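Protein chains in written order, with the numbering used here: chain L, 1 to 504; chain D, 1001 to 1448.
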Amino acid sequence: MSSKLTETEAPAATIRKAGRQVSQSEGLIFEKSAPGKRGIELPPLDVPAVDPVAALGPEFARDHVDGFPEVSEIEVIRHFTRLSTWNYAIDLGMYPLGSCTMKYNPRVNEFVARLDGLASEHPSQPADASQGCLRILHDLQKCLLAITGMEAVTLQPAAGAQGELTGLLMIRAYLESQGNARKKVLIPDSAHGTNPASVVIAGYEVQNIKSNDRGQIDTDHLREYCTGDVAALMLTNPSTLGIFEERIAEIAAILHERGALLYMDGANMNALAGVTRPGDFGVDVMHLNLHKTFSTPHGGGGPGAGPVLVKKILEPFLPVPVVTQKEDGRYALEHVRPKAIGRVRAYCGNFGVLLRALAYTLAYGPGIRQATEDAVVNANYIRKQLEESFDLPYNLPSMHEVVFSDARQKKFGVNTIDIAKRLIDYGFHPYTTAFPLIVPGAMMIEPTESESKEECDLFVDAMRSIAAEAETNPELVKSAPHATRVGRLDEVAAARKPVLRWKP
Amino acid sequence: MRYLPKSPTERREMLEVIGVRSAEQLFESIPEQFRLKAPLPLPGPLSEAEIIRYFQDRAAENARGYTSFLGAGVYQHLRSVVTDAMVQRGEFLTSYTPYQAEISQGTLTAIFEFQTLMCQLTGQEVANASMYDGSTALTEAVLMAERITGRHRVLIARSVHPEYRQVLATYAKNLGLAVEEIGYGESGQLERSKLTKENLANVAAVVVQSPNFFGVLEELPGLADAAHAAGALLVTSVAEAVSLGIVRPPAEADIVAMEGQSFGVAPSFGGPFVGVIASRDKFVRQMPGRLAGQTTDAAGRRGYVLTLATREQHIRREKATSNICTNEALFALVATVHLCLLGKEGLREMAQQNLAKARFAQAELEKIPGVKRVFAAPSFNEFALEFPRSVKLINAALLREKIIGPYPLGTHYPELTKRGLVCVTETMPRAEIERLAAAIRRILDSPI
Chain L
1 MSSKLTETEA
11 PAATIRKAGR
21 QVSQSEGLIF
31 EKSAPGKRGI
41 ELPPLDVPAV
51 DPVAALGPEF
61 ARDHVDGFPE
71 VSEIEVIRHF
81 TRLSTWNYAI
91 DLGMYPLGSC
101 TMKYNPRVNE
111 FVARLDGLAS
121 EHPSQPADAS
131 QGCLRILHDL
141 QKCLLAITGM
151 EAVTLQPAAG
161 AQGELTGLLM
171 IRAYLESQGN
181 ARKKVLIPDS
191 AHGTNPASVV
201 IAGYEVQNIK
211 SNDRGQIDTD
221 HLREYCTGDV
231 AALMLTNPST
241 LGIFEERIAE
251 IAAILHERGA
261 LLYMDGANMN
271 ALAGVTRPGD
281 FGVDVMHLNL
291 HKTFSTPHGG
301 GGPGAGPVLV
311 KKILEPFLPV
321 PVVTQKEDGR
331 YALEHVRPKA
341 IGRVRAYCGN
351 FGVLLRALAY
361 TLAYGPGIRQ
371 ATEDAVVNAN
381 YIRKQLEESF
391 DLPYNLPSMH
401 EVVFSDARQK
411 KFGVNTIDIA
421 KRLIDYGFHP
431 YTTAFPLIVP
441 GAMMIEPTES
451 ESKEECDLFV
461 DAMRSIAAEA
471 ETNPELVKSA
481 PHATRVGRLD
491 EVAAARKPVL
501 RWKP
Chain D
1001 MRYLPKSPTE
1011 RREMLEVIGV
1021 RSAEQLFESI
1031 PEQFRLKAPL
1041 PLPGPLSEAE
1051 IIRYFQDRAA
1061 ENARGYTSFL
1071 GAGVYQHLRS
1081 VVTDAMVQRG
1091 EFLTSYTPYQ
1101 AEISQGTLTA
1111 IFEFQTLMCQ
1121 LTGQEVANAS
1131 MYDGSTALTE
1141 AVLMAERITG
1151 RHRVLIARSV
1161 HPEYRQVLAT
1171 YAKNLGLAVE
1181 EIGYGESGQL
1191 ERSKLTKENL
1201 ANVAAVVVQS
1211 PNFFGVLEEL
1221 PGLADAAHAA
1231 GALLVTSVAE
1241 AVSLGIVRPP
1251 AEADIVAMEG
1261 QSFGVAPSFG
1271 GPFVGVIASR
1281 DKFVRQMPGR
1291 LAGQTTDAAG
1301 RRGYVLTLAT
1311 REQHIRREKA
1321 TSNICTNEAL
1331 FALVATVHLC
1341 LLGKEGLREM
1351 AQQNLAKARF
1361 AQAELEKIPG
1371 VKRVFAAPSF
1381 NEFALEFPRS
1391 VKLINAALLR
1401 EKIIGPYPLG
1411 THYPELTKRG
1421 LVCVTETMPR
1431 AEIERLAAAI
1441 RRILDSPI
């Protein structure tokens, strides 16, 4: 057995977290298909069969679905199991994606979401037969109100972005009821892309505002921009730099003086739960991302849930239906609310996600503060140990995440994406690259509370080692990853001549 | 706390490295007056066993063990344990959006397969990686039609799911989009006579659902011709996707907005489900949501990436085609695994069983004196019946027999009081259909 390291491979000794392993090759399911195979058998039909052509008429009847796969059960199992091994996942290790809060997804949440009597329930069944579901929603509402210090809530939005839109529509309806919906929404340059996109759908114009040299809202600048046309400021707090807005009270006061509202993007609530409440520091409307702070699995891109929490003045505008508890203790869905903005999604939102978030909250109870503390400790522990190796463009205290830049590695021709790709070889998912936009070459790291000291140490070692490689062997970093099934994929070709489906 | 992997000693060591005495100190950037002094008044902490007990107690307060004849946008279909076993693999369940393609090929390949399956089912050329659900997919399809045509008026059939129309109304209100409704005729289909040249002038899209909310199939080729003649698009919503196993696909539509819940996704009190938008290649740059595309690496190996991202909010911000970011990837995977298991023959057989059982139920119920079918046009697994009594009263009596009865159409259609929508899928045993018929007969026989 002789293994000679190629030039682009790192010495195995420096990569402690991951080793190599054979991974199964697998084609597309369509390429395995052969006529006559199937993976599910149905119980026999216990009523007389009906001929579709006769029953529907030839104009409505369809023959078979062209190109549809025909495979057996074991082939389906092997196919998707093999595919799964090509993914990184939280269950495999740290996922330091800044702003994404990739924390442990408790397994008990998966179990309870599948219980007969919960997973089986139809959203249109009578309230009398849905008391359990309605109570789950109501209990979650109470927990979220306690954690945020807000006064009313809707659980309907399907994800954070839809929560943003819902909150903005409520702001618009409220201001309209005051006589003027106004025209603009202020958005800091460090904001998530969903913020401006949601503003447009709510019928507002985006007014970008610059952060100051500390990465904070420039209050003088805010005063200047906060004219009578401004409906709201959409603020992420802590910001996407992981820094708390120290002048939050002043920011809220400036807006309120001028009749505008403060919207908080709750994407970074993982830094605050149990420590401080947005309702106390002047926030009028906010959304939460339950697939971040409240541990529901990201599932390769979704589902999420984006509850919106508001102050009393906005309660009349909540989307319908609203989950309420009646005097007799029974739960109900209130559909008739004259000032409501309408509906943003069918039914009561992503119930299965909401249910998991409640299971998470119940697991911690008041101890949720410990999770927040551990998340902030992890971020600061990593920050402290990487400050020597990487450029820190904003050095205010970090909360749950820290943003470095690739400024030092750039000198050797290595950028944030190269370092991120090299992390893959070290057995880690990359951090968030190139965001927030105010940091050129951003490296945004959020470990969450789910990481042990050992895992944080491995990450620090990996990052230091890559920093050294960037100086001594930049090509190694620039051509990473080396240990994956496929190398860097040609995204330009993918977009220029899109192939978006399999064809025979 | 079992989810937190640090010992007290490790916490201390980490604080020492950071150079602070306590974790409190790390929160000093939060103004003092806003820092909580007392623990939050939250229930818990609960152990795993207590959490399970809490949710089992809630499940017992629902309709567990009841037989339900509700459809109306959410359908109870056969699901295989294989699907859940695949989806619960941590590598799928606990992975992020596949932006880092090299370590996300599992998710990306599955999305590419999902997109292909959705194209095959709908007769369209391109499908996205998922939307939140059928209601928001329809709304996004309408906004897409608005972008494509540059027109700001849509005609939507009243027979489109009422809650889907409500969602569209919420979005349309501030976008200068005029939404006008078209009624249904005696057949239950859209009233074609309303699609006049004058009425179609400056219309971005004619929006229908098939099978529509009453379970009735719409004649899409004719509707497409009428819309296209006026320069409008045909947007078609599909809420009961299993129908596509035997019903002609909406190939004439320009945009299809589908709810994929029927493909292996539990009703789960209304979500999470899986929406999808499918359309023509030429409109792909106006589509909302993520798309996976095929490409190669430097060594020529096939792989998949998220592509055409310049449509999306994280690149284009306020100029994006939509604000959608998180989608329903895990449930797109559920649908993909489920459809691979069913395959060509299984999907067709499942759809045929729905048709047969619904026809059987319809015949059984129509034997009851005073119970009549409402609409004449062909339907799939749902049909509207007229009863001699209020549907809500009948349902209250049925509930005592652990039957959840027909969906009361009067809720959203004042002209359809005493009409109820009955849904029968392949999961409904014949004996339960007969029990429903006997119960309704008995209820109608008894004095009010």
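Note that beta-carbon positions come from the ideal geometry of N, C-alpha and C, so glycine has one too. No experiment lies behind these values; they were computed from the predicted model shown.
Here the alpha carbons of A1241/D and G1264/D stand approximately 11 angstroms from one another. With respect to the 8 angstroms criterion, D406/L and T416/L are classified as neighbours on the basis of their beta carbons. Per the coordinates, the alpha-carbon of P278/L lies some 42 angstroms from the alpha-carbon of L83/L. Secondary structure of G1343/D (DSSP, three-state): helix.
The CB of L489/L comes closer than 8 angstroms to the CB of A1101, E1102, T1295, T1296, D1297, G1303, Y1304 and V1305 in chain D, given here in chain order.
Only S1080, V1082, M1086, Q1088, R1089, G1090, E1091, F1092, L1093, T1094, S1095, Y1096, T1097, P1098, Q1100, A1101, E1102, I1103, S1104, Q1105, G1106, T1107, T1109 and A1110 from the stretch 1079-1111 of chain D bring a Cβ to less than 7 angstroms from some Cβ of chain L.
Using a Cβ distance threshold of 8 angstroms, V1337/D and L1308/D do not count as a contacting pair.
DSSP places M463/L in the uninterrupted alpha helix (DSSP H) bounded by K453 to T472. In terms of Cα proximity to T148/L, the closest of C456/L, K311/L and L186/L is K311/L. Within the same chain, I1404 come within 6 angstroms of S1068/D by CB-CB distance, once the 5 residues on both sides are set aside. The closest CA to that of V108/L, considering only Y1099/D, E1434/D, I1052/D and A1060/D, is found on I1052/D. Counting C-beta pairs with one atom in each stretch, the stretch 116-131 of chain L and the stretch 244-264 of chain L have fewer than three that are closer than 8 angstroms, which means they do not touch. In this model, G413/L and P474/L are separated by some 7 angstroms (Cα to Cα). Distance from the CA atom of E205/L to the CA atom of V1256/D, rounded to whole angstroms, is 30 angstroms.
Per the C-alpha coordinates, the member of P238/L, L476/L and K421/L positioned closest to P397/L is P238/L.
The stretch 1297-1308 of chain D and the stretch 1148-1156 of chain D do not touch, with fewer than 3 CB-CB distances between them shorter than 8 angstroms. For S1104/D, the three-state secondary structure derived from DSSP is strand. Here the C-alpha atom of A1127/D lies approximately 8 angstroms from the C-alpha atom of L500/L. No Cβ of chain D is located within less than 8 angstroms of the beta carbon of L155/L. Residues of the stretch 319-330 of chain L that bring their beta carbon within less than 9 angstroms of a beta carbon in chain D comprise P319 and V320, in sequence order.
For N105/L, the C-beta contacts it makes with chain D under 9 angstroms involve G1090, L1093 and T1094, in order along the chain. Two segments are said to touch when three or more pairs of C-beta atoms, one from each, lie closer than 8 angstroms; by this definition the stretch 312-324 of chain L does not touch the stretch 191-202 of chain L.
For the pair A1085/D and Q24/L, the Cα-to-Cα distance works out to about 19 angstroms.
The C-alpha of L1200/D is placed about 17 angstroms away from the C-alpha of R1147/D. Think of a sphere of 7 angstroms around the beta carbon of S84/L: the chain D residues whose beta carbon falls inside it are R1089, E1091, F1092 and G1106, in chain order. For R496/L, the enclosing alpha helix (DSSP H) begins and ends at E491 to R496.
DSSP, reduced to helix, strand and coil, places V206/L within a strand of the structure shown.
DSSP, reduced to helix, strand and coil, places L437/L outside both helices and strands of the structure shown, so it counts as coil. Between P338/L and V153/L a beta carbon distance of about 19 angstroms is seen, past the 8 angstroms cut, so the two are scored as non-contacting. DSSP places S1237/D inside the beta strand (DSSP E), whose first and last residues are L1233 to V1238. Bridge partners of P188/L according to DSSP: I209/L.
When the alpha-carbon of I15/L is set against those of L423/L, E449/L, E110/L and V199/L, the nearest one is in L423/L. Its chain contains L186, L233, I254, L255, R258 and A260 as the residues whose beta carbon lies nearer than 8 angstroms to that of C226/L, once the 5 sequence neighbours on both sides are disregarded; these appear in chain order.
For M286/L, the enclosing beta strand (DSSP E) covers residues V285 to L288. Per DSSP, V1160/D lies in no beta strand (DSSP E) and is assigned neither H nor E. By the C-beta density criterion, P157/L is buried, having at least 16 other C-beta atoms within 10 angstroms.
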